[in-house]
Structures are given as structure tokens and as C-alpha cells.
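There are 2 protein chains.
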Amino acid sequence: MDQAKVHSVDEQDYNIRTAKSSDHPRIISVMPNWWDGRDLRPLLPRLFLKHFCDTSFIIEKENELIGFLIGFLSQSIQDEAYIHFVGIHPDFRRKGLGKTLYRRFFNQCPNNGRTLVRACTSPINKDSIEFHQRMGFQIEPGDGQIDSIPVTLDYNCPGDHKVLFMKWL
Amino acid sequence: MDQAKVHSVDEQDYNIRTAKSSDHPRIISVMPNWWDGRDLRPLLPRLFLKHFCDTSFIIEKENELIGFLIGFLSQSIQDEAYIHFVGIHPDFRRKGLGKTLYRRFFNQCPNNGRTLVRACTSPINKDSIEFHQRMGFQIEPGDGQIDSIPVTLDYNCPGDHKVLFMKWL
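The listed protein sequences correspond, in order, to chains A and B. The opening position of the first sequence corresponds to residue 150 in my numbering, with each subsequent residue numbered one higher. The opening position of the second sequence corresponds to residue 150 in my numbering, with each subsequent residue numbered one higher.
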């Protein structure tokens, strides 16, 4: 994987590295707090950290977990990569760390033959929608609209509508 | 992928094929009924059918969904493959269809350089534990025991203990 330096305002203050399977319990332990008590832990079973750790990234500061990105290279679609889950410690938001994680993920795509990155989010998550747009993602047209945002209805199951993002590298 | 014929008692009566992304809504729609009302749908977001469909398999009979296996080749561990989720229609159990799906998954492993297959289940699921043992899986030693079965405690999150299986091909 490409470990080239990514330039970001605060990057020198943090330890940014690829993930390890053993990071999983620590990620799980912070999730309820980082998501205001919402329990999203079922979305991140250990398999993601065991089998896709080499395209997933961790940010630490003085050994404390500050952020993580869980992504993988599509197995079925040879030119695509997918960002599944991203979290930043509430006290360290708005510092460019999400951008740093995404860039780290983008950087290892060309060496792996990936030209398209996909991600998705819930229509309620306006911060995430704006973040992806700032990062250059397009929203896929979908088959519905919520708050004027195009959504793909019933994406993961009935009632679970999603905003789908794609970005050509 | 290796599509070699797998010999199974009932196989000629069924259509067995690799999965497609468009199978996802149909799989999601049967899950509550196939699992006695338990809602396991969050464990199978659409990403598995989009990005790992070429190592996932579907059984149909007269166009009705009878069974499915969702599996993938580990990205981080080059010689491993993982079976994530398997379901068989309640009226078609105990006919060897689970075995057929597992063999189909095993058959495409050598061509992809995979010599070890892993899977896991909940300790409460005695049928699944017996099935994996009949299929030649070993249970990993773990760090606890439930009903005399070795389990790995807190595997996906605190309280979510799992029986971990491995099988060398």
C-alpha cells in the first residue's frame, strides 16, 4: 500500500497508520460516545478489521484513538473501492482529520487499480453529506428526494434510505 | 471462479448460481421469516451483494429463493476466505442444501489461492455448530466456554460471544 505523506494542517501532531485486527475492541468501545449514544456497533463486526485492515486507517494522539476509517477494495468490481465507516473523536472534529483519512484511503487506490470510490450515508446526516461534497464526491441520482437531497430508497432494507456518493480519482 | 459441478442429492432440482447485487432486496425480504422473526437484516447491508457477489451463491427453485451464502476472499490475509452469512428456506432444510452451498464456496477457493475458510456463529445456534462440525470445521479454542462449547468472548462487541470455526481445504 502507498504510505506516501499526505499533507494536512495537523498531521504532524498525530500518528496515522493502517489498522490492525486488534484495533477492533477499541473502536467498538468509543462508538456509542462518538455517535451521541446511537448504537451503530452492529455495522462494524470484527470481520472488517480482520479482513480489510490493510485499507483501513487509524489516527492516534498520545496513544488515544482519535479517528478511524474502515474501507476496502471491491472484490467483484475491479476498479472500485468502498469507504464503509468513518469516525472522529468529538473533541477533534473540524480539524481536517476526516479529510486526512479520506486522502490516505484515496492515495492507496491507484496502486491497487481503483479509479472510483463509493460511500453512502443517511439523509439525516447533513454534516456527512456536506463533507462528502467538499471532498469532491457526487451524489448518485437515486429514486427519491429527502430535504431536496437525492436518495436511493430502501437501500439496505425497507425504510433505510441512503445518500450514495461516488468520486472518480 | 470455479463452477465445477458439486454432487449433492437434490442438486439437479435447483438452480444454483453466483449472486448478483440485485438479489439483495429479495434476500432481505425473506430474512425475518427464515429467522423466526429475529431481525438480522443489519448484518447484511447491500455492500456484501455489491462487492462480494462473485463468491456468494444463490439457490432457486422455480424462481423462488431457497437459499443463499454470502462469502468473500479475505483482502488482508491472502490465503483465507470467509463465510459471512448463510440462509436456507425453512421448508427446504435438512436436504443437504447448506452443504451444497458450502461446497460451492470451497470449490472456488483453490483457484483463488485460499487454503483456509473461516466462519462464526452464536453459541445459542446449536444447529449451526453441529453443521460446521459435520462440514469438517474445527472450533477455535477461544477464551471461554458456553454449554461446553469453546467460545471467543466479546467477539463483535461486549456480550456478543462467538463460536469461531476454521477449516483447512
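No residue lacks a Cβ here, since even glycine has one placed at the ideal position from N, Cα and C.
Next item on the list: Reducing DSSP to helix, strand and coil, say where Asn261(A) ends up.
Entry: The answer is helix: DSSP assigns Asn261(A) an H, G or I state.
Next item on the list: Give me the Cβ distance between Pro259(A) and Trp183(A), rounded to the nearest whole Å; I'm assuming they're in contact under 8 Å.
Entry: Rounded to the nearest angstrom, the Cβ distance from Pro259(A) to Trp183(A) is 31 Å, too far for a contact under 8 Å.
Next item on the list: Leaving out five residues on either side along the sequence, give the residues of the same chain with a beta carbon under 7 Å from the beta carbon of Asp188(A).
Entry: Counting only Cβ-Cβ distances below 7 Å, and skipping sequence neighbours, we find Pro181.
Notebook entry, point to check: So who's on the other strand from Glu213(A), going by DSSP bridges?
Noted result: Paired residue(s): Lys210(A).
Checklist line | Short Cβ contact (9 Å threshold) for Pro272(B) with Lys244(B) | finding: No; because the gap between Cβ atoms is not below 9 Å, this pair is not in contact.
Next item on the list: Below 9 Å between beta carbons is the criterion; list the residues of the stretch 250 to 261 of chain A that meet it against any residue of chain B, in chain order.
Entry: Of all residues in the stretch 250 to 261 of chain A, none has a Cβ within less than 9 Å of some Cβ in chain B.
Next item on the list: Kindly list, in the order they appear in chain B, the residues whose Cβ is closer than 9 Å to that of Thr204(A).
Entry: Within chain B, Gln224, Ser225 have C-beta atoms less than 9 Å from the C-beta of Thr204(A), given in sequence order.
Next item on the list: Classify His310(B) as helix, strand or coil using the three-state DSSP reduction.
Entry: In the structure shown, His310(B) falls within a coil segment according to DSSP collapsed to helix, strand and coil.
Next item on the list: Look at Tyr251(A) and Leu214(A) and say whether their C-beta atoms are less than 9 Å apart.
Entry: Pairing Tyr251(A) with Leu214(A) gives a Cβ-Cβ distance that is not under 9 Å.
Item checked: Contact set between the stretch 185 to 201 of chain B and chain A, restricted to residues whose Cβ is under 8 Å from the partner -> Result list: Arg190, Pro191, Leu192, Pro194, Arg195, Leu196, Lys199, His200, Phe201.
Item checked: Buried/exposed call for Arg283(A), threshold 16 Cβ in 10 Å -> Exposed, since its Cβ has fewer than 16 Cβ neighbours within 10 Å.
Notebook entry, point to check: Which word fits Leu318(B), buried or exposed, when buried means at least 16 other C-beta atoms lie within 10 angstroms of its C-beta?
Noted result: The residue is exposed, with fewer than 16 neighbouring Cβ atoms inside 10 Å.
Check: Whose Cβ in chain B lies nearer than 9 Å to the Cβ of Asn274(A)?
Finding: Neighbours of Asn274(A) in chain B, taken as residues whose beta carbon is under 9 Å from its own, are absent, since the nearest beta carbon is some 16 Å off.
Note to self: I'd like the list of long-range same chain contacts for Pro299(B), defined as Cβ closer than 8 Å, with 5 residues on each side in sequence excluded.
What the structure shows: Only Ile288, Glu289, Pro290, Gly291, Gly293, Val312 meet the Cβ criterion.
Notebook entry, point to check: Going by the CB atoms, is the gap between Phe255(A) and Phe206(A) shorter than 9 Å?
Noted result: No, they are not a contact pair.
Checklist line | Per-residue DSSP class, three states only, for Lys244(B) | finding: DSSP places Lys244(B) in coil when its eight states are reduced to three.
Check: Shorter than 9 Å from the beta carbon of Pro174(A) to some beta carbon of chain B?
Finding: Yes, because at least one Cβ of chain B sits closer than 9 Å to the Cβ of Pro174(A).
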